[in-house]
Amino acid sequence: MFYPTGPDVNAQGLSRRHIVRAVEASLTRLGTDRLDFYFVHAFDENTPIEQTLRALDDLQRQGKILYPAVSNWAAWRIATALGISAKEALARFELVEPMYNLVKRQAEVEILPLAAAENLGVITYSPLGAGLLTGKYGAERRPDSGRLVDNARYADRYGLDSDLATADRFTAFAEELGVEPATLAVAWTMAHPMVTAPIVGARNLSQLEDSLAALDVEMTPDLRERITALSPTPAPATDRTETLKSTWT
Ligand SMILES: NC(=O)c1ccc[n+]([C@@H]2O[C@H](COP(=O)([O-])OP(=O)(O)OC[C@H]3O[C@@H](n4cnc5c(N)ncnc54)[C@H](OP(=O)(O)O)[C@@H]3O)[C@@H](O)[C@H]2O)c1
55 MFYPTGPDVN AQGLSRRHIV RAVEASLTRL GTDRLDFYFV HAFDENTPIE
105 QTLRALDDLQ RQGKILYPAV SNWAAWRIAT ALGISAKEAL ARFELVEPMY
155 NLVKRQAEVE ILPLAAAENL GVITYSPLGA GLLTGKYGAE RRPDSGRLVD
205 NARYADRYGL DSDLATADRF TAFAEELGVE PATLAVAWTM AHPMVTAPIV
255 GARNLSQLED SLAALDVEMT PDLRERITAL SPTPAPATDR TETLKSTWT
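Each residue of the sequence shown is one higher than the last, beginning at 55 in our numbering.
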């Protein structure tokens, strides 16, 4: 829920009108009475959060959705929404869906701590960096086709030299370990204690099997730390990073 679903100027965003119509259209298309989770996909600058939350609350009370969920909002906006839901006794976001993989670790800074503090479920997307962490990309390596070659948006998202350098280090590490890079990448993502489950993407059965093999990887905390050290750690959310004295002097 967010992107345009038709030519009507109102058929987009997170307005009450669009959300209600979109949920009803989804129920019809799916031939079901109820959606377990309903995700708002991105933040809508043009709609007050209260309007979105009231619409989702109404849909929950009507039994059309069980839980509202949110993807791609900054942590502080999710926190604002949780505060409004609590104050107004509205259904709250129970599940967040951030991007999270070895080269996109921004979620570690605020989204995952927020989820822990507020007891939210976390399903992450793009555990393979849309293909970057499968062994076929690197500073000197790219396949003839693939999402990061064919899709400009994704090529841009994962095109930094540092992303490719991380992919090289990660591929070498996986080879040394004797595990498919794709398998190890999914195992790394799902081993974060706050990750409920990653959403994997696959173009064919063999790719899917590589990702599913992550369930058999014994990802100890030590192994996870060694893999984590292969990519730059994102900056913390505050510049006041020294250990503060208890007396605050
Ligand atoms: N909320 C959001 O904004 C958002 C955004 C993105 C995705 N999602 C959700 O998350 C799901 C997964 O995201 P994603 O598709 O980006 O996940 P991903 O698992 O990071 O990337 C999947 C892609 O990697 C490549 N790949 C997968 N396994 C491979 C293997 N074993 N060897 C080589 N290449 C392999 C394939 O692309 P190629 O064959 O083309 O290389 C495949 O399409 C999506 O389906 C969607 O439901 C949500």
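Ideal Cβ placement from N, Cα and C applies to all residues, glycine included.
Keep in mind the model is a prediction, meaning the values are calculated, not measured.
Exercise for review: Sort Ile119, Val163 and Thr106 by Cα distance to Thr292 and report the nearest one.
Suggested key: Val163
Practice item. Give the single residue among Leu144, Thr250, Pro275 and Ile281 whose Cα lies nearest to the Cα of Phe227. Key: Comparing Cα positions, the closest option is Ile281.
Practice item. Would you grab the beta carbon distance between Ser69 and Arg159 for me? Rounded to a whole angstrom, and I think it's under 8 Å. Key: Contact flag wrong, Cβ pair sits at about 33 Å.
Review point. Counting pairs of beta carbons, one from the segment 239-255 and one from the segment 268-278, are three or more of them closer than 8 Å?
Key: yes
Point to revise | Other residues of its chain near Asp111: CB distance less than 6 Å, five sequence neighbours each side excluded | key: Leu144 and Ala145
Review point. Glu151 lies in the beta strand (DSSP E); which residues open and close that run?
Key: Leu149 to Glu151 is the extent of the beta strand (DSSP E) around Glu151.
**Study point:** Contact check, Leu149 vs Tyr179, beta carbons under 8 Å
**Key:** no
Exercise for review: Quick one: which unbroken alpha helix (DSSP H) runs of 4-plus residues sit fully inside the segment 275-300? Chain order, please.
Suggested key: 275-282
Exercise for review: Please go through the same chain and pick out, in chain order, the residues whose beta-carbon is closer than 6 Å to the beta-carbon of Asn126, but skip the five residues on each side of it.
Suggested key: For Asn126, where only same-chain residues beyond five positions count, the Cβ hits under 6 Å are Ala96.
Review point. Does the beta-carbon of Thr86 have 16 or more other beta-carbons within 10 angstroms, so that it is buried, or is it exposed?
Key: Only exposed fits Thr86, as fewer than 16 other CB atoms lie within 10 angstroms of its CB.
**Study point:** Nearest residue (CA-CA) to Leu113, options Met248, Ala256 and Phe91
**Key:** Phe91
**Study point:** Reduced DSSP category for Arg195 - H, G, I as helix; E, B as strand; rest coil
**Key:** strand
Review point. Going by DSSP, which residues form a beta bridge with Leu144?
Key: Answer is none; Leu144 lacks a bridge partner.
Check your understanding: Under the criterion of a Cβ to heavy atom distance below 7 Å, does Pro122 qualify as lining ligand 1?
Key -> no
Review point. Secondary structure at Leu156, three-state DSSP: helix, strand or coil?
Key: coil
Review point. Which residues mark the beginning and the end of the beta strand (DSSP E) in which Ala96 is found?
Key: Counting along the chain, Ala96 falls outside any beta strand (DSSP E), and DSSP gives it neither H nor E.
Check your understanding: At what residues does the beta strand (DSSP E) containing Leu120 begin and finish?
Key -> Ile119 to Ser125
**Study point:** Pair within 8 Å by beta-carbon distance, Lys118 and Leu84
**Key:** No, the pair does not count as a contact, with Cβ atoms beyond the cut-off.
Check your understanding: Are there 16 or more other CB atoms within 10 angstroms of the CB of Arg131, so buried, or fewer, so exposed?
Key -> exposed
Review point. According to DSSP, is Leu262 helix, strand or coil?
Key: Note: Leu262 maps to helix in three-state DSSP.
Check your understanding: DSSP puts Tyr179 in a beta bridge; with which residues?
Key -> Met153 and Ile253
Review point. Taking the alpha-carbon positions, what's the Gly213 to Gly192 distance?
Key: 10 Å
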